[in-house]
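Number of protein chains: 2
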Amino acid sequence: MDIEKVNSMDFGEFVDVFGNVIERCPLIAAAVWSQRPFLDLEDLQKHFFAFIDALPQSGQEGILRCHPDLAGRDLQQGTLTAESQREHSGAGLTSLGPDEQLRLAELNAQYRARFGFPFILAARLSDRAAVPRELARRLLCPPAQELRTALGEVKKISGLRLADLLCADPAKL
Amino acid sequence: MDIEKVNSMDFGEFVDVFGNVIERCPLIAAAVWSQRPFLDLEDLQKHFFAFIDALPQSGQEGILRCHPDLAGRDLQQGTLTAESQREHSGAGLTSLGPDEQLRLAELNAQYRARFGFPFILAARLSDRAAVPRELARRLLCPPAQELRTALGEVKKISGLRLADLLCADPAKL
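In order, the protein sequence lines correspond to chains A and B. The opening residue of the first sequence carries number 1 in the UniProt record's numbering; numbering runs sequentially from there. The opening residue of the second sequence carries number 1 in the UniProt record's numbering; numbering runs sequentially from there.
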């Protein structure tokens with residue numbers, strides 16, 4: 001999809017296509033549509049990031065809380081979004097053994113209890129061995145630092161999702 | 001549900017219950033959880049409204065764009081949220097004749113083209129005869145005024161949804 005196509009979309013089409021660039025936050029795509037026309041992928045991404053950065057802390061925490069636990073309830077119940085399902089698969093998180101699942105469930109619960117939002121990691125840049133290691137490490141970080149780290153992961157995830165959508169036909173970019 | 005029950009919820013439970021108080025914007029419920037504990041229904045509602053009011057205009061427009069057309073595509077395709085489906089039914093919008101549907105579809109399209117967001121009305125406070133009349137009237141309003149009106153309707157809808165959730169057992173309120 002090229003940027004002219006993106007700029008030609010009405011808000012309904014735009015939200016249909018970009019509504020899950022930020023996991024379960026179609027509000028953000030719907031807000032970014034106000035900033036069209038976009039110059040290119042980088043410019044579009046910039047508007048998503050600017051919206052996140054301008055939110056009050058509660059809103060930033062709200063974004064984090066719309067994300068699923070990695071290899072958690074949504075994976076088990078089949079209620080992951082299509083994008084998150086693919087990212088889980090790519091990192092090998094859909095084929096964990098019982099011990100790995102239990103270990104991750106315990107760490108996820110500790111993390112949620114400590115920070116008030118789920119552990120978020122750009123799974124496509126990681127793998128099943130690294131996830132619990134990184135989770136255990138970040139569990140020890142100060143809350144203010146961890147909020148910044150988590151928002152950085154949200155941006156990595158959304159950047160990859162945007163690139164997927166815009167590069168479906170890379171020759172046109 | 002009493003307010004102590006609300007205040008005892010972790011963010012996952014809170015978003016499960018209140019995630020659609022603002023139509024298709026679980027981010028807002030997830031952000032409001034940061035403000036707990038809540039004194040009562042009025043206090044909880046106040047935090048939802050404060051979050052909406054503090055958003056930049058693009059974010060407020062984003063909320064509006066997450067709403068379905070009244071008696072539009074989502075109704076026809078069966079993809080309305082449960083809350084919106086009930087509101088449509090209550091106002092008689094699920095049993096429009098072909099002429100009424102066509103008239104409303106035309107007005108909805110004109111409204112979206114003029115304002116860049118869908119026509120929003122608290123359907124439970126209206127009825128099938130009043131909806132197209134009100135739509136035709138609001139089509140003529142200046143955009144800045146119409147943004148305020150539409151956000152006021154979002155607040156009416158969310159107030160009714162919150163009251164439903166909190167008053168399930170009115171004796172406990």
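No residue lacks a Cβ here, since even glycine has one placed at the ideal position from N, Cα and C.
Residue i versus the options, residue with shortest Cα-Cα distance
{"i": "residue 84 (chain A)", "options": "A:66, A:54 and A:12", "result": "A:66"}
{"i": "residue 134 (chain B)", "options": "B:142, B:51 and B:120", "result": "B:120"}
{"i": "residue 141 (chain A)", "options": "A:110, A:4, A:124 and A:13", "result": "A:110"}
{"i": "residue 102 (chain A)", "options": "A:79, A:82, A:132 and A:77", "result": "A:132"}
{"i": "residue 125 (chain B)", "options": "B:97, B:47, B:148 and B:93", "result": "B:93"}
{"i": "residue 89 (chain A)", "options": "A:112, A:79 and A:71", "result": "A:71"}
{"i": "residue 122 (chain B)", "options": "B:33, B:77 and B:69", "result": "B:69"}
{"i": "residue 99 (chain A)", "options": "A:113, A:77, A:86 and A:129", "result": "A:129"}
{"i": "residue 163 (chain B)", "options": "B:35, B:13, B:42 and B:36", "result": "B:42"}
Cβ-Cβ distance between residue i and residue j below 7 Å
{"i": "residue 127 (chain B)", "j": "residue 150 (chain B)", "result": "no"}
{"i": "residue 115 (chain A)", "j": "residue 146 (chain A)", "result": "yes"}
{"i": "residue 60 (chain B)", "j": "residue 159 (chain B)", "result": "no"}
{"i": "residue 161 (chain B)", "j": "residue 21 (chain B)", "result": "yes"}
{"i": "residue 51 (chain A)", "j": "residue 33 (chain A)", "result": "no"}
{"i": "residue 155 (chain B)", "j": "residue 18 (chain B)", "result": "no"}
{"i": "residue 117 (chain A)", "j": "residue 165 (chain A)", "result": "no"}
Chain-ordered chain A contacts of residue i [CB-CB under 7 Å]
{"i": "residue 56 (chain B)", "result": "54"}
{"i": "residue 26 (chain B)", "result": "24 and 66"}
{"i": "residue 116 (chain B)", "result": "11"}
{"i": "residue 82 (chain B)", "result": "The contacting residues do not exist; residue 82 (chain B) stays about 16 Å from chain A at best."}
{"i": "residue 35 (chain B)", "result": "58"}
Nonlocal neighbours in the same chain, by C-beta distance under 7 Å from residue i, ignoring five residues either side
{"i": "residue 171 (chain A)", "result": "Below a pLDDT of 50, predicted positions are generally treated as unreliable, and residue 171 (chain A), at 42, falls in that range; no measurement from the model is reported."}
{"i": "residue 137 (chain B)", "result": "none"}
{"i": "residue 13 (chain B)", "result": "none"}
{"i": "residue 40 (chain B)", "result": "3"}
7 Å Cβ cut-off: residues of chain B touching residue i
{"i": "residue 38 (chain A)", "result": "The contacting residues do not exist; residue 38 (chain A) stays about 14 Å from chain B at best."}
{"i": "residue 129 (chain A)", "result": "Neighbours of residue 129 (chain A) on chain B: none; closest Cβ ~27 Å, over 7 Å."}
Same chain, Cβ closer than 6 Å to residue i, neighbours up to 5 away in sequence not counted
{"i": "residue 15 (chain B)", "result": "26, 29 and 30"}
{"i": "residue 81 (chain B)", "result": "20"}
{"i": "residue 157 (chain B)", "result": "122"}
{"i": "residue 24 (chain A)", "result": "66"}
{"i": "residue 169 (chain A)", "result": "Its pLDDT being 44, under 50, residue 169 (chain A) is placed unreliably by the model, and the measurement read from it follows with that caveat. If we look at residue 169 (chain A) and ignore the five residues flanking it on each side, it has no Cβ neighbours."}
{"i": "residue 87 (chain B)", "result": "123 and 124"}
{"i": "residue 9 (chain A)", "result": "none"}
{"i": "residue 35 (chain B)", "result": "47"}
Where residue i meets chain A, residues with beta-carbon distance less than 8 Å
{"i": "residue 15 (chain B)", "result": "65 and 66"}
{"i": "residue 8 (chain B)", "result": "Those do not exist, as residue 8 (chain B) stays about 14 Å from chain A at its closest Cβ, beyond 8 Å."}
Nonlocal neighbours in the same chain, by C-beta distance under 8 Å from residue i, ignoring five residues either side
{"i": "residue 107 (chain B)", "result": "119, 132, 135, 136 and 139"}
{"i": "residue 38 (chain B)", "result": "3, 6, 7, 44 and 47"}
{"i": "residue 96 (chain B)", "result": "71, 104 and 128"}
{"i": "residue 57 (chain B)", "result": "147"}
Amino acids of chain B, ordered along the chain, whose beta-carbon sits closer than 9 Å to that of residue i
{"i": "residue 105 (chain A)", "result": "Residues of chain B passing the Cβ test: none, with the nearest at roughly 13 Å."}
Chain B contact residues for residue i, given Cβ-Cβ distances below 8 Å
{"i": "residue 159 (chain A)", "result": "Near residue 159 (chain A) there are no residues of chain B at all, since even the closest Cβ is about 19 Å away, more than 8 Å."}
{"i": "residue 134 (chain A)", "result": "Near residue 134 (chain A) there are no residues of chain B at all, since even the closest Cβ is about 21 Å away, more than 8 Å."}
Chain-ordered chain A contacts of residue i [CB-CB under 9 Å]
{"i": "residue 174 (chain B)", "result": "What the structure shows of chain B is the stretch from 1 to 173, and residue 174 (chain B) is not part of that stretch, so it cannot be assessed."}
Closer than 6 Å: residue i CB and nearest the ligand HEM heavy atom
{"i": "residue 33 (chain A)", "result": "Only the bare structure without any ligand can be found here, which leaves the ligand HEM out of the picture."}
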